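Enquirer: Chain order of the listed sequences is A and B.
All residue numbers for the first sequence refer to the numbering used here, where the first residue is 1 and numbers rise by one.
All residue numbers for the second sequence refer to the numbering used here, where the first residue is 85 and numbers rise by one.
Note that the Cβ used here is the ideal one computed from N, Cα and C, for glycine as well.
In this text the structure is predicted, and so the values were computed from the model without any measurement.
Questions regarding the structure given below will be posed in turn.
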Amino acid sequence: MNRKELIISLQKIVKPYVQDQEAFKNLSEKTDFVNDLKINSANLVDVILDLEDEFDIEIDNDSMEKMLSVKAAIDIIENKLADS
Amino acid sequence: MIGNDIIDLSLANTESNWQRRGFLEKQFTVNEQKLILVATNPFALVWRFWSMKEAAYKAYTQQNEIRFYAPKKFKCIIMSEKEGLVFFKDQIFYTISIVNQSYIFTTASLEKETKVYTKFVIPEVIDKAIKIKLADVTTLSVIEIKQKKSKNGAPYYYYKDMLLTKSCSISHHGNYGVFSLLFT
Numbered sequence: 001m002n003r004k005e006l007i008i009s010l011q012k013i014v015k016p017y018v019q020d021q022e023a024f025k026n027l028s029e030k031t032d033f034v035n036d037l038k039i040n041s042a043n044l045v046d047v048i049l050d051l052e053d054e055f056d057i058e059i060d061n062d063s064m065e066k067m068l069s070v071k072a073a074i075d076i077i078e079n080k081l082a083d084s
Numbered sequence: 085m086i087g088n089d090i091i092d093l094s095l096a097n098t099e100s101n102w103q104r105r106g107f108l109e110k111q112f113t114v115n116e117q118k119l120i121l122v123a124t125n126p127f128a129l130v131w132r133f134w135s136m137k138e139a140a141y142k143a144y145t146q147q148n149e150i151r152f153y154a155p156k157k158f159k160c161i162i163m164s165e166k167e168g169l170v171f172f173k174d175q176i177f178y179t180i181s182i183v184n185q186s187y188i189f190t191t192a193s194l195e196k197e198t199k200v201y202t203k204f205v206i207p208e209v210i211d212k213a214i215k216i217k218l219a220d221v222t223t224l225s226v227i228e229i230k231q232k233k234s235k236n237g238a239p240y241y242y243y244k245d246m247l248l249t250k251s252c253s254i255s256h257h258g259n260y261g262v263f264s265l266l267f268t
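In structure tokens form, the structure reads like this:
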């Protein structure tokens, strides 16, 4: 899967938690989950658990710590997929 | 520095499923998980811990210009119905929580005795309510009071170049809005 395809999968995953639909429409690698998409911080764990299920990967604590933007999430998924 | 967090419990009940596989393991320490699982009301304890972690994080990130997502590293201890402690790195945050049927509200502070001004308002008017309060305390004109945000999103209030808030934390969730202030 290339980065573009990863972003499309990620978009599907974050959709139910997004509270700013305008920012969601303009989603790019620069988009921040909390500041732009207004995802409730208590739902970040759901995004992470959904990503784990979708890609069959394990997101460890160190990776989780950085999971605040589309770019960070894509970087982490790419790395984990490359390792598996 | 102070941080606060409010949780609308009926919204938390629909927005999140704390019993989801991985939910507790990823965000709560082994000790916190044990306490949650034996609690009479596990749901309330999940959100009490969460609000303590979030309030401490908001106090911490006002002193340190970084953002991260590491709830498990904020270790909570419940001291009483209201009081708690959160340990993070070499810091201790003292927390006060209000827990009832409708919401959980926590403030976290680095000092044990802090004179925090807290007010509940409807979410839409938080910014306005803060400005009115600051104008009231300082006798400055409310229209000249402006909010600026730090790089990681912490709000500060200014009158021209003069900082009016030593620390300010805002939280809103569902039907509830609240702000906490430490005056300069």
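How is the alpha helix (DSSP H) around Ile-13 (chain A) delimited, first residue to last?
Expert: Residues 3 to 14.
Enquirer: Please report whether the beta-carbon of Gly-106 (chain B) lies at a distance below 9 Å from any beta-carbon of chain A.
Expert: By this cut-off, Gly-106 (chain B) is an interface position.
Enquirer: Grab the span of the alpha helix (DSSP H) containing Glu-99 (chain B) for me, first residue to last.
Expert: Counting along the chain, the alpha helix (DSSP H) containing Glu-99 (chain B) begins and ends at 93 to 99.
Enquirer: Taking only beta carbons into account, state which residues of the region 42 to 55 of chain A come closer than 8 Å to chain B, listed in chain order.
Expert: Per Cβ criterion, the list reads Ala-42, Asn-43, Leu-44, Val-45, Asp-46, Ile-48, Leu-49, Glu-52.
Enquirer: Can you pull the DSSP bridge partners for Val-205 (chain B)?
Expert: The partner list for Val-205 (chain B) (beta bridge, DSSP) reads B:Gly-261.
Enquirer: Pick out the complete alpha helix (DSSP H) segments inside the region 118 to 152 of chain B, 4 residues or longer, and give them in chain order.
Expert: Taking only runs of at least 4 residues, the alpha helix (DSSP H) segments lying wholly in the region 118 to 152 of chain B are 126 to 147.
Enquirer: Let me know the secondary structure DSSP gives Ala-23 (chain A) once reduced to three states.
Expert: If DSSP states are grouped into helix, strand and coil, Ala-23 (chain A) belongs with the helices.
Enquirer: In chain B, which residues lie with their C-beta within 9 Å of the C-beta of Ser-68 (chain A)?
Expert: Rather than Ser, the amino acid found at residue 68 (chain A) in this sequence is Leu. Residues of chain B passing the Cβ test: Arg-151, Phe-152, Tyr-153.
Enquirer: Please state whether the Cβ-Cβ distance between Leu-49 (chain A) and Gly-258 (chain B) is less than 9 Å.
Expert: In this structure, Gly-258 (chain B) does not lie closer than 9 Å to Leu-49 (chain A) by Cβ.
Enquirer: With 8 Å as the C-beta to C-beta threshold (strictly closer), list the residues of the region 161 to 183 of chain B near chain A in chain order.
Expert: Within the region 161 to 183 of chain B, no residue has a Cβ that lies closer than 8 Å to any Cβ of chain A.
Enquirer: What separation, rounded to the nearest whole angstrom, lies between the Cα atoms of Val-205 (chain B) and Asn-88 (chain B)?
Expert: Each residue's alpha carbon lies about 14 Å from the other.
Enquirer: Using the C-alpha atoms, what's the distance from Val-170 (chain B) back to Phe-158 (chain B)?
Expert: Their backbone Cα atoms lie some 6 Å apart in a straight line.
Enquirer: Mind checking whether Ser-181 (chain B) and Met-136 (chain B) have CB atoms under 9 Å apart?
Expert: Taking 9 Å as the Cβ cut-off, Ser-181 (chain B) and Met-136 (chain B) qualify as a contacting pair.
Enquirer: Classify Ile-46 (chain A): buried if its beta carbon has 16 or more other beta carbons within 10 angstroms, exposed otherwise.
Expert: Here the sequence assigns Asp to residue 46 (chain A), which means Ile is not the residue at that position. Asp-46 (chain A) should be labelled buried.
Enquirer: Pick helix, strand or coil for Ala-73 (chain A), following the three-state DSSP scheme.
Expert: Reduced to three states, the DSSP call for Ala-73 (chain A) is helix.
Enquirer: Which stretch, first to last residue, makes up the beta strand (DSSP E) that contains Glu-197 (chain B)?
Expert: That residue, Glu-197 (chain B), is in no beta strand (DSSP E); it is neither H nor E in DSSP.
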